[in-house]
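Protein chains in written order, with this note's numbering: chain A, 1 to 220; chain B, 221 to 439; chain C, 440 to 679. Using N, Cα and C, we set each Cβ at its ideal position, and we do this for glycine too.
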């Protein structure tokens with residue numbers, strides 16, 4: 001009798017609230033970073049496409065650095081670098097900045113791919129119809145390009161959502177950090193990890209499935 | 221800016237850091253090798269398996285792809301502790317990375333298998349090959365070419381993911397760096413050098429993969 | 440000798456083969472002609488067990504193809520098969536394409552297998568392409584490669600499933616010439632084909648398949664000259 005009761009004694013209702021709050025923080029930091037990073041990434045992607053040689057000699061290698069170094073190292077580096085140049089940033093701000101740049105580095109490649117997906121002859125056709133550069137970009141390149149890259153972008157966004165767990169290394173209490181704290185206190189590792197894992201899964205899986213479906217439908 | 225950079229202690233410890241970089245490479249390569257084998261098995265289970273086999277494969281693949289890598293590492297770290305199973309830091313990282321690699325690679329392999337026309341199998345069987353011979357000699361070599369690029373990317377991911385080892389007490393490159401950094405309080409300097417080492421490792425892998433591709437894929 | 444007796448085959452509700460009886464003796468070249476969907480390719484696939492059968496029997500040199508205890512891998516070594524789609528293995532050179540099966544199925548040594556392969560490629564006129572990859576070969580060359588690959592297993596019979604149908608018109612000739620060469624060397628062949636010229640000039644016997652049955656079978660002079668069946672006459676007048 002006692003053992004069955006024991007199973008939940010360590011884990012109280014407040015703890016669930018604590019996890020819930022942390023989950024909201026996960027959503028918050030990844031939401032902001034994905035939004036800002038995507039805008040920045042599209043800008044970079046456009047520069048990479050239009051800048052040709054100059055961009056591939058300057059911007060591309062810089063973005064590549066962010067894809068070649070573990071995110072956790074980027075976080076620790078920036079967190080310790082900010083005070084050196086006189087910035088005092090809390091973990092949230094610091095994490096958001098790093099995640100945003102990281103997202104932008106990933107999204108830039110995706111965005112460039114999207115612009116490239118709209119073949120040059122097609123663009124020439126629209127330009128010869130008398131569209132301006134920006135009309136062409138907005139009415140021809142964007143609709144076709146977005147279709148081509150939407151699934152890849154969803155992949156990037158979900159990746160960043162999952163990677164936001166690493167901001168915990170700066171002491172920011174997002175979902176996984178909160179789980180860790182609770183595990184130390186309650187000694188219920190399996191239960192708590194299962195709750196945290198289920199949250200990520202419930203967020204990621206349907207979106208990933210949806211993107212797969214769209215990709216299949218669009219490719220037909 | 222009145223911060224004084226101190227690089228000397230980092231350079232003194234550089235040999236240890238590079239050695240730790242080899243540990244990183246080691247665990248990443250190992251997790252890839254096992255991940256490839258398991259990934260192929262999962263892909264075949266998902267495509268051709270009985271219902272329970274398919275269910276196991278789908279669960280593995282979707283969990284690996286839809287939860288954070290750090291979560292997976294924590295699971296193999298203290299999650300298994302609930303069942304009295306305590307892995308060493310090395311095995312926590314190895315099993316976490318392998319679980320993740322296998323899940324992602326399985327989907328790559330599945331795409332690869334589906335891209336090979338059915339008629340290749342038919343032609344091989346008509347030459348008297350058994351199904352196993354046909355898989356090993358005809359189908360899988362072609363699949364490998366299709367998944368080679370995604371596999372290289374996954375290898376890079378494995379290296380980057382292994383840095384999570386520092387959160388479960390594994391002294392790979394990041395863990396070692398943290399150890400040194402906390403001893404000297406030169407956190408920025410140590411991690412800056414480590415970032416460079418990671419960058420070099422990643423570039424070496426990509427370069428090696430390109431050379432290997434030229435030798436492997438003659439067609 | 441290949442003997443087909445009272446063969447029936449269904450695809451779900453579709454009765455594709457409706458009682459086929461056929462004897463192919465050693466050294467005979469048999470052409471099977473007929474409209475698409477008449478079941479002639481299915482008949483070929485049943486002979487080397489790429490398709491199962493629903494009733495009747497097929498024996499090759501006295502061995503029942505569809506019996507439970509039959510080692511189908513062993514039996515298929517006797518039955519060389521060439522498809523409409525040539526199915527070259529793209530990751531292997533022409534030589535490796537041909538040498539692979541002799542080595543791993545017939546267990547020849549590496550050197551022996553290479554020898555066999557080189558000779559077979561020479562035989563089909565690809566002696567100068569040994570180290571080319573399939574993607575560097577034309578469709579006709581790839582089809583000849585497929586023939587060499589099948590021959591390297593030293594089969595007793597060769598089955599051709601519309602071997603020239605997927606080729607560009609200007610490449611058909613070289614493949615037909617190779618098939619003709621084999622026929623002249625005395626190979627036993629069953630050719631499902633749309634090439635009436637080939638059927639008339641090269642085969643010893645021609646079978647006209649209609650709606651899953653053999654409507655008429657006989658020497659080419661009879662089938663093409665004075666067919667007994669009105670259906671045969673009508674089919675031939677359409678394809679010529």
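Leaving out five residues on either side along the sequence, give the residues of the same chain with a beta carbon under 7 Å from the beta carbon of residue 429 (chain B). The sequence position of residue 429 (chain B) within the second chain is 209, counting from 1. 372.
Cβ-based contacts, 7 Å cut-off: residues of the stretch 463-491 of chain C near chain E: In the structure shown, chain E does not exist; the protein chains are A, B and C.
Give the list of continuous beta strand (DSSP E) stretches no shorter than 3 residues that lie fully inside the stretch 599-663 of chain C. 627-631, 644-649, 652-657
By Cβ distance, which residues of its chain are closer than 6 Å to residue 413 (chain B), with the 5 residues on each side in sequence left out? Here the question's residue 413 (chain B) lines up with position 193 in the second chain. Closer than 6 Å at the Cβ level, and outside the excluded window around residue 413 (chain B), lie 230.
Could you check whether the Cβ of residue 4 (chain A) sits closer than 8 Å to any Cβ belonging to chain B? Position 4 of the first chain, counted from the start, is the residue given in the question as residue 4 (chain A). No answer about residue 4 (chain A) holds up, because its pLDDT of 42 lies below 50 and its placement is not dependable.
Under 8 Å between beta-carbons, which chain B residues line up against residue 80 (chain A)? List them in chain order, please. One-based indexing of the first chain puts residue 80 (chain A) at position 80. Residues of chain B passing the Cβ test: 407, 408, 411.
In chain C, which residues lie less than 9 Å from residue 358 (chain B) when you measure between Cβ atoms? Translated into the one-based positions of the second chain, residue 358 (chain B) becomes position 138. Correct list: 528, 530, 531, 539.
Using a C-beta to C-beta distance shorter than 7 Å, which residues of chain A count as neighbours of residue 230 (chain B)? Taking the second chain and counting its residues from 1, one reaches residue 230 (chain B) at position 10. Within chain A, no residue comes near residue 230 (chain B); the closest Cβ sits about 13 Å away, beyond 7 Å.
Quick one: measure Cβ to Cβ for residue 562 (chain C) and residue 584 (chain C), integer angstroms, because I've assumed they're closer than 8 Å. Taking the first residue of the third chain as 1, we reach residue 562 (chain C) at position 123. Taking the first residue of the third chain as 1, we reach residue 584 (chain C) at position 145. Not really, about 11 Å apart at Cβ, beyond 8 Å.
State the CB to CB distance for the pair residue 407 (chain B) and residue 80 (chain A), rounded to an integer number of angstroms; the pair is presumed to be in contact (CB under 8 Å). Walking along the second chain from the start, residue 407 (chain B) turns up at place 187. Walking along the first chain from the start, residue 80 (chain A) turns up at place 80. Confirmed, about 5 Å.
Anything in the stretch 137-167 of chain A with a Cβ closer than 9 Å to a Cβ of chain B? List those residues in chain order, please. 158, 161, 162, 163, 164, 165, 166
May I ask you to report which of helix, strand or coil DSSP gives residue 532 (chain C)? Against the third chain, residue 532 (chain C) aligns to sequence position 93. It is coil, neither helix nor strand.
Neighbourhood of residue 498 (chain C) by C-beta, 6 Å cutoff - its chain only, sequence neighbours within 5 removed: Here residue 498 (chain C) refers to the residue found at position 59 when the third chain is read from its first residue. 442, listed in sequence order.
Which of helix, strand or coil does DSSP assign to residue 522 (chain C)? Along the third chain, read from residue 1 onward, the residue named residue 522 (chain C) stands at position 83. Of the three classes helix, strand and coil, the one that applies to residue 522 (chain C) here is coil, per DSSP.
Quick one: is residue 481 (chain C) buried, meaning 16 or more other Cβ sit within 10 Å of its Cβ, or exposed? On the third chain, residue 481 (chain C) is found 42 positions in, with the first residue counted as 1. Classification for residue 481 (chain C): buried.
Could you check the C-alpha separation between residue 280 (chain B) and residue 178 (chain A) for me, to the nearest Å? As a working mapping, residue 280 (chain B) is identified with position 60 in the second chain. As a working mapping, residue 178 (chain A) is identified with position 178 in the first chain. Using only the alpha carbons, I get a separation of about 25 Å.
Taking the alpha carbon of residue 320 (chain B) as the reference point, which residue from B:271, B:339, B:277 has its own alpha carbon closest? On the second chain, residue 320 (chain B) is found 100 positions in, with the first residue counted as 1. Closest option to residue 320 (chain B), Cα to Cα, is B:277.
Does the stretch 130-146 of chain A come close enough to the stretch 188-204 of chain A to have 3 or more Cβ pairs within less than 8 Å? no
Taking residue 285 (chain B) as the reference, which of B:264, B:325, B:269 has the closest Cα? As a first step, residue 285 (chain B) is located in the second chain; it is residue number 65 there, counting from the start. For residue 285 (chain B), the nearest C-alpha among the options comes from B:325.
Is residue 597 (chain C) helix, strand or coil when you go by DSSP? Along the third chain, read from residue 1 onward, the residue named residue 597 (chain C) stands at position 158. In the structure shown, residue 597 (chain C) sits in a strand (DSSP, three-state: E or B).
Look at the Cβ atom of residue 592 (chain C), then the Cβ atom of residue 516 (chain C), and state whether they are nearer than 8 Å. The sequence position of residue 592 (chain C) within the third chain is 153, counting from 1. The sequence position of residue 516 (chain C) within the third chain is 77, counting from 1. Going by C-beta atoms, residue 592 (chain C) is nearer than 8 Å to residue 516 (chain C).
What's the gap between the Cα of residue 5 (chain A) and the Cα of residue 188 (chain A)? Within the first chain, the letter at position 5 stands for residue 5 (chain A). Within the first chain, the letter at position 188 stands for residue 188 (chain A). With a pLDDT of 42 at residue 5 (chain A), under the threshold of 50, the modelled position of that residue is not reliable, and no figure is offered here.
Along chain B, which residues have their Cβ under 7 Å away from the Cβ of residue 592 (chain C)? By 1-based counting over the third chain, the position of residue 592 (chain C) is 153. The contacting residues are 347, 348.
Where the stretch 67-93 of chain A meets chain B: residues whose CB sits under 9 Å from a CB there: 67, 68, 69, 70, 71, 72, 73, 74, 76, 77, 79, 80, 81, 83, 84, 85, 86
Excluding the five sequence neighbours on either side, which residues of its own chain have a C-beta within less than 7 Å of the C-beta of residue 60 (chain A), listed in chain order? Sequence index remark: in the first chain, residue 60 (chain A) carries index 60 (1-based). Hits under 7 Å: 48.
List, from N- to C-terminal side, the alpha helix (DSSP H) runs of 4 residues or more that fit wholly inside the stretch 464-492 of chain C. 479-486
Drop a sphere of 10 angstroms on the beta-carbon of residue 378 (chain B), count the other beta-carbons inside from all chains shown, and report buried for 16 or more, exposed for fewer. Numbered from its first residue, the second chain carries residue 378 (chain B) at position 158. Classification of residue 378 (chain B): buried, given that the 10 Å Cβ count is 16 or more.
Taking a Cβ distance cut-off of 9 Å, strictly less, list which residues of the stretch 314-337 of chain B are near chain A, in chain order. none
Report yes if the CB atom of residue 530 (chain C) is closer than 8 Å to the CB atom of residue 435 (chain B), and no otherwise. Counting from 1 along the third chain, the entry for residue 530 (chain C) is found at position 91. Counting from 1 along the second chain, the entry for residue 435 (chain B) is found at position 215. No; because the gap between Cβ atoms is not below 8 Å, this pair is not in contact.
Opposite residue 163 (chain A) in the DSSP bridges: which residues? Within the first chain, residue 163 (chain A) is the residue found at index 163, counting from 1. DSSP, once it has assigned bridges, lists no residue as partnering residue 163 (chain A).
Sorted by chain position, which residues of the same chain lie with C-beta nearer than 6 Å to residue 7 (chain A)'s C-beta, five sequence neighbours on each side aside? Working through the first chain from its first residue, we reach residue 7 (chain A) at position 7. With a pLDDT of 48 at residue 7 (chain A), under the threshold of 50, the predicted position of this residue should be treated as unreliable, though the coordinate-derived value follows. So no residue of the chain qualifies.
Using a Cβ cut-off of 8 Å, pull out every chain B residue sitting near residue 515 (chain C), in sequence order please. Indexing the third chain from 1 puts residue 515 (chain C) at position 76. 345, 346, 347, 348, listed in chain order.
Here's the rule I'm using: 16 or more other beta-carbon atoms within 10 Å means buried, otherwise exposed. How should residue 330 (chain B) be labelled? To locate residue 330 (chain B), count along the second chain from 1; it is residue 110. Classification of residue 330 (chain B): buried, given that the 10 Å Cβ count is 16 or more.
Kindly indicate the opening and closing residues of the alpha helix (DSSP H) around residue 293 (chain B). Reading the second chain from its first residue, position 73 is the one you call residue 293 (chain B). Per DSSP, residue 293 (chain B) belongs to the alpha helix (DSSP H) from 289-294.
Leaving aside the five residues before and after residue 483 (chain C) along the sequence, list all residues of the same chain whose C-beta is less than 6 Å from its C-beta, in chain order. The count along the third chain starts at 1 and reaches residue 483 (chain C) at position 44. Result list for residue 483 (chain C): 598, 600, 631, in chain order.
On the criterion of 16 or more Cβ atoms from any shown chain inside 10 Å, does residue 24 (chain A) qualify as buried, or is it exposed? The residue you call residue 24 (chain A) lines up with position 24 of the first chain. Looking at its Cβ environment, which holds fewer than 16 other Cβ atoms inside 10 Å, residue 24 (chain A) is exposed.
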